[in-house]
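Asks: Counting from 115, one number per residue, gives the positions in the sequence shown under our numbering.
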Amino acid sequence: MRIINFGFIVLLCCAACHQEQKKQDTSAKLDDTVQSTQPLDTGRFLTGKSTYQYLKNGDTISLSITVDGEKVQGDLSYAWKEKDRNSGHIDGVLKGDILTADYTFSSEGQESVRQVIFKLSKERALEGYGAMEEKAGKMTFADPKKIAFDEKFALENLAKGQ
């Protein structure tokens with residue numbers, strides 16, 4: 115029950131952050147959805163190790179991945195200024211430019227699992243947001259076809275241009 119409550123709290127915090135952005139900039143639109151994502155030859159830029167990072171106003175999101183064919187493993191961490199931090203491991207699959215993974219993380223001494231989706235490019239990674247539900251002890255997207263990718267927290271590839 116504690117895991118469910120913690121997952122729900124994390125989801126509410128994320129939703130609250132995004133509501134503030136909508137009020138501040140109604141002209142900012144969501145970048146894309148999974149439904150309209152075009153297949154991409156990721157072999158040109160997504161092989162081996164990549165690190166993406168968002169740094170702004172004391173907030174940090176870090177995504178370090180290793181791509182082996184379609185399999186992806188790595189580390190993901192969120193450090194929000196004056197809020198809870200969590201970090202953990204991702205294990206997922208890359209289809210085109212969409213990374214879908216299970217994120218096993220610790221926050222305030224609790225271990226939880228939730229699904230994460232990122233749209234990857236050579237320059238950046240955009241995290242997907244959408245309605246979530248609990249299935250088999252982890253939070254998953256209710257409808258993966260309705261995921262929206264928000265530009266507000268774009269993670270920059272630390273190796274771009276190299």
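Quick reminder that beta carbons are idealized off the backbone N, C-alpha and C, glycines included.
Please read these numbers as outputs of a predicted model, since none were measured by experiment.
Measuring alpha carbon to alpha carbon, tell me which of LYS195, THR161 and LYS259 ends up nearest GLY244.
Replies: By 1-based counting over the sequence shown, the position of residue 244 is 130. Looking at the Cα atoms, LYS259 is the closest of the given residues.
Asks: Along the beta strand (DSSP E) that carries LEU177, what are the first and last residues, could you check?
Replies: On the sequence shown, position 63 is the one that residue 177 refers to. For LEU177, the uninterrupted beta strand (DSSP E) segment begins and ends at 173-182.
Asks: According to DSSP, is GLU265 part of a helix, a strand, or is it coil?
Replies: What you label residue 265 is simply residue 151 of the sequence shown in a count that begins at 1. DSSP places GLU265 in helix when its eight states are reduced to three.
Asks: What is the DSSP secondary structure of LYS195, reduced to helix, strand or coil?
Replies: Here the question's residue 195 lines up with position 81 in the sequence shown. Reduced to three states, the DSSP call for LYS195 is coil.
Asks: At which residues does the beta strand (DSSP E) containing SER235 begin and terminate?
Replies: Residue numbering aside, residue 235 sits at position 121 when the sequence shown is read from its first letter. Neither: SER235 is in no beta strand (DSSP E) and is coded neither H nor E.
Asks: Does the Cβ of GLN224 have 16 or more other Cβ atoms within 10 Å, making it buried, or fewer, making it exposed?
Replies: Reading the sequence shown from its first residue, position 110 is the one you call residue 224. The residue in question, GLN224, is exposed, as its Cβ has fewer than 16 Cβ neighbours within 10 Å.
Asks: Going straight from the alpha carbon of LYS252 to that of MET246, what length do you get?
Replies: Position 138 of the sequence shown, counted from the start, is the residue given in the question as residue 252. Position 132 of the sequence shown, counted from the start, is the residue given in the question as residue 246. Approximately 10 Å, taken between the alpha carbons.
Asks: VAL227 and LEU208 look like a contact to me (Cβ under 8 Å); what is the Cβ gap, rounded to whole Å?
Replies: Your numbering for residue 227 matches position 113 in the sequence shown. Your numbering for residue 208 matches position 94 in the sequence shown. About 19 Å; that fails the 8 Å criterion.
Asks: Just how far apart, CA to CA, sit GLN187 and ASP216?
Replies: Translated into the one-based positions of the sequence shown, residue 187 becomes position 73. Translated into the one-based positions of the sequence shown, residue 216 becomes position 102. So the two alpha carbons sit approximately 10 Å from each other.
Asks: With a cut-off of 8 Å on the beta carbons, I'd call GLU241 and VAL230 a contact; round off their distance for me.
Replies: For this step, residue 241 is matched to residue 127 along the sequence shown. For this step, residue 230 is matched to residue 116 along the sequence shown. Sure, about 7 Å apart at Cβ, within 8 Å.
Asks: Suppose you measure from the CA of ASP205 to the CA of GLU237; what does that come to, to the nearest Å?
Replies: In the sequence shown, counting from the first residue as 1, residue 205 sits at position 91. In the sequence shown, counting from the first residue as 1, residue 237 sits at position 123. Taking the straight line joining both Cα atoms gives about 22 Å.
Asks: Based on DSSP bridge pairs, tell me the residues matched to ALA239.
Replies: Sequence index remark: in the sequence shown, residue 239 carries index 125 (1-based). BP columns for ALA239 point to LEU234 and LEU269.
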